[in-house]
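Protein chains in written order, with this note's numbering: chain A, 1 to 479; chain B, 480 to 702.
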Amino acid sequence: MNSENSNVISDSSYWREYPERDVEFVRWYPCNVGKLSGKEMFETIDNGSSNEISFYVHIPFCNNVCICCPYNKFTTRSSILQEYLDTLKLEIANYAKQPYVKNGKFVSGYFGGGTPTTLSVEQLDDLFHTLYTELNIADDASITIETTPVDMTEEKAKVLMKYGINRVSIGVQSLDNVLLKRIGRNYKADKAIATIKLLKDVGIKHVCADLMWGLPGQTKEQWRDTLHGMIDLNLVDSFSLYQYTVLPSSSLYFKMERGVVPKCPDGEIQQKMYWESVQILHDAGYLSISDIDFVSPAVLKDDPNAQYFTISNTNGKALISKSCNIARHVAHTWYEGKPMLAIGSGAYGYLNHNMYLNDPDIKEYIRKVNEEEYAVVMGKYVTEEERMAHSMVLGIKLLRIYREDFKKMHGVDMMDVFADKIQQLIEWGLVEITDDYLEVTFPKGWYYMENISKMFYSEENYRLPQPNATGTILLKLLK
Amino acid sequence: MRKIFDLKNRVVSEQDYFDTLAICRDYDLNIRTSMIVPMGKVTTKVTDICKDGDIVLDVGTATGLLALRIAGQNKNEIIGVDDSENLLQVGEENASLAAICNSPGMVEFKYAELEELPFDDNSIDVVYSYSAFHKWKNPIAVLKEIERVCKPDGHIYIYDIARDSDEGMISFILQYISAGQEDFLRELKSSYTVEEVRHILKEAGLETWKVEAQDVNLAVSNY
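Here it is, written out as structure tokens:
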């Protein structure tokens, strides 16, 4: 058996120091989470917190559970679904009683999963109704919902429109029917395209497509065809490109070992796939938000506030995420480090300077919300020092941090705090600094994106893995 | 120094965790997936030191997965010994399954007190051990036995978890293994540090053997 397969999560996926390349996708900071309860989280309210809030609602159900998916989910056949939805509504109401949440203005939100659109039209309407009644959601808020190509219908899309949910992230993954079948997706390419058309016809403002590279047996040509096919459609407002991953404990891993499913292309070919897609998208005028997210040039016409810069050494442009609506959610949580209310089992949030996780055990989640108001089980108070680290760790993933923005958030220049680390990254050729900003170099810095991000981890977080949204097992095992 | 887990002192549980066949079967099912990555590494390591026809001894074979796996790809006779009847019985079940599936490889399981290995002096070409060293009640005696049965030009490779591993890496593994996290940490607590193993080797008069840290493991070799 071959454990060197680059798509398989193994100990080589764990922390690597430059010049070795780190591949663990950084999405949370800090990592040193411990026991935390909802009560503790609101013990002292920090009035300095921003009143601009975001929300994340987790729907851990899917009609078709994919063999490669690491997120917590159940099939919709689960009898627990309605009980779960009732609990979500209660949890929203409980949080809305907190002045901290009640007085906040929600500028962005995200429904993720699982597949939130596995819910029926009535269930969606009911959930949105509670959310929009209980929370103060801004008229121009950027609200995203994830869907598969098969779980979206015209009726559901109309419910989204009714509430102003204006961004749909659709997991297309590939336009190759053989590959789709191989990874256990239950639709064909034409269905994915039809769903995108449907969403646009109904009037959804931003349709964003997730695509995967490095699929089992995928060739460079197949990947290129998918990418060109999606660009030529001219309907998708942004693309997110994900490398396919295989969990070593999954049935898929053993299918690959048995030869039932072809192995993923080798590491070198996958690198070529990635860099070629960056080139193709930049050539077509798409603007980068991060090293994996690309926005259609149409955004520059549609969004009068959208600003961009040219990425050095390329013809490519990058969108300044905080300037535009389409990237509002990621800018809010990653770049600006503003609060996010987490609703649902296994959801991560950030409130009152506490990063927190709701119980990923769905039954425990339901019990806790009903009996104890909140279902928070794990988290960490984020000190001012760690907030500065957060701004660097996650902000730099959006390619450029403006020094003025950092100063506004933290009252000091980033060079006064992180000069040594930045200097080291400059020496390695991974970042550049000017009087105005810190920017990831292209292509070298892009290649080492996670190394750069982790460089800004505090000593307490050094070499710690990303918190895992699916398990609280660590709690039992910590000292 | 940061300490996330309580791993300062070695803690050995007196409890026999493999006292029923059902528990051994569960354990076997768990490690098929959770240990797939380290088993792959040891397979490569042992394959590198085996010549065709070499007699190979697996000390502390447990349910024999690794022995079956190595035998499946090498032309060697592998003898797996263990001092747990229950684990060996699951090993026999695994061997039957391998035979039903026409998996190649000559594997034989034997009950043995590890401090008195039932083999002649200088009779084995390759001795390896995987994730067992920390369970040996008298490691000095077992190491001496391994040295006794191994041919003078034979290879010895012992791979086990290490208590002084990088805590971030331990935490990473705990989050990614599919099951058995509590068992893993319990075993880790009862394992040795690289320094402690060096000390044991010295006591056994085997100070020429090498010890090195590898991920959350340590590897002992006589070559």
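No residue lacks a Cβ here, since even glycine has one placed at the ideal position from N, Cα and C.
Item	Value
Please list the terminal residues of the continuous beta strand (DSSP E) segment that includes B:ASP561.	556-561
Assuming contact is defined by CB atoms lying nearer than 9 Å, are A:ILE59 and A:GLY344 in contact in what I supplied?	yes
Report buried or exposed for B:TYR702, applying the criterion of at least 16 other Cβ atoms within 10 angstroms of its Cβ.	exposed
Taking Cβ positions only, does B:ILE549 come closer than 9 Å to chain A?	no
For chain A, check one thing: does any of its Cβ atoms lie closer than 9 Å to the Cβ of B:THR542?	no
Going along the chain, which residues of its own chain have a beta-carbon closer than 6 Å to the beta-carbon of B:ARG627, five neighbours each way excluded?	ASP600
Going by beta carbon distance, what residues of the same chain come within less than 8 Å of A:ASP436, once the five residues before and after it are set aside?	TYR402, ARG403, GLU404
When you compare only the Cα positions, how much space is there between A:GLU459 and A:ALA389?	11 Å
Run the CB neighbour count on A:HIS228, radius 10 Å, all protein chains shown included, and call it buried at 16 or more, exposed below.	exposed
For B:LYS554, does the count of other Cβ atoms within 10 angstroms reach 16, so buried, or fall short, so exposed?	exposed
In chain A, which residues lie less than 8 Å from B:ALA482 when you measure between Cβ atoms?	The question names Ala, but residue 482 of chain B is Lys in the sequence shown. Going along chain A in sequence order, the residues near B:LYS482 (Cβ under 8 Å) are LYS479.
Can you round the beta-carbon distance between A:ILE53 and A:MET340 to whole angstroms, since I take them to be within the 8 Å contact cut?	7 Å
Over the uninterrupted alpha helix (DSSP H) stretch that includes B:ALA727, give me the two end residues.	Summary: the structure shown does not reach residue 727 of chain B, with chain B confined to residues 480 through 702, and so no result is reported for it.
Of all the options B:SER610, B:ASN565, B:ILE579, B:ASN581, which has the alpha carbon lying nearest to the alpha carbon of B:PHE588?	B:ASN565
Below 9 Å on C-beta distance, what does B:SER644 contact in chain A?	Within 9 Å Cβ-Cβ: nothing; B:SER644 doesn't reach chain A, min ~10 Å.
Have a look at the DSSP bridge pairing and note the partners of A:LYS317.	A:LEU287, A:THR310
Taking C-alpha atoms, which residue in A:SER251, A:TYR365, A:VAL369 lies nearest to A:THR472?	A:TYR365
If contacts are defined as beta-carbon pairs under 8 Å, then A:THR219 and A:CYS68 qualify, I think. What distance do you get, rounded to the angstrom?	With 8 Å as the limit, A:THR219 and A:CYS68 do not qualify as a contact, their Cβ atoms being about 19 Å apart.
Inspect the beta-carbon positions of A:TRP275 and B:GLY647 and report whether they are closer than 9 Å.	no
Using only alpha-carbon positions, find the residue among A:THR314, A:ALA306, A:ASP303, A:GLY267 that is nearest to A:GLN279.	A:THR314
If you compare alpha carbons, which of A:ASP86, A:SER174, A:ALA331, A:LYS89 is closest to A:TYR528?	Absent from the structure is residue 528 of chain A, since the part of chain A shown begins at 1 and ends at 479.
Can you list, in chain order, the residues of its chain whose CB lies under 6 Å from that of A:ARG463, leaving out five sequence neighbours each side?	TRP15
Would DSSP call A:GLU268 helix, strand or coil?	helix
Mind checking the segment 492-517 of chain B against chain A and listing, in chain order, the residues whose C-beta falls within less than 7 Å of any C-beta there?	THR512, SER513, ILE515, VAL516
Need the endpoints of the beta strand (DSSP E) that A:GLY171 sits in, please.	167-173
Mind reading off the beta-carbon distance from A:ALA306 to A:SER323? Whole number of angstroms is fine, and I expect it under 8 Å.	5 Å
List the whole-angstrom C-beta distance separating B:ILE635 from B:CYS629, where the pair is believed to meet the contact cut-off of C-beta under 8 Å.	6 Å
Using the C-alpha atoms, what's the distance from A:ASN461 back to A:LEU198?	45 Å
Does DSSP classify A:MET152 as helix, strand or coil?	coil
My parser needs the beta strand (DSSP E) runs of 3 or more residues fully inside the segment 379-431 of chain A; what are they?	400-402
Determine whether the Cβ of A:ASN186 lies closer than 9 Å to any Cβ atom of chain C.	Within the model displayed, chain C is absent; protein chains A and B are what it includes.
Would A:MET455 and A:LEU425 be called neighbours here (beta carbons separated by less than 9 Å)?	yes
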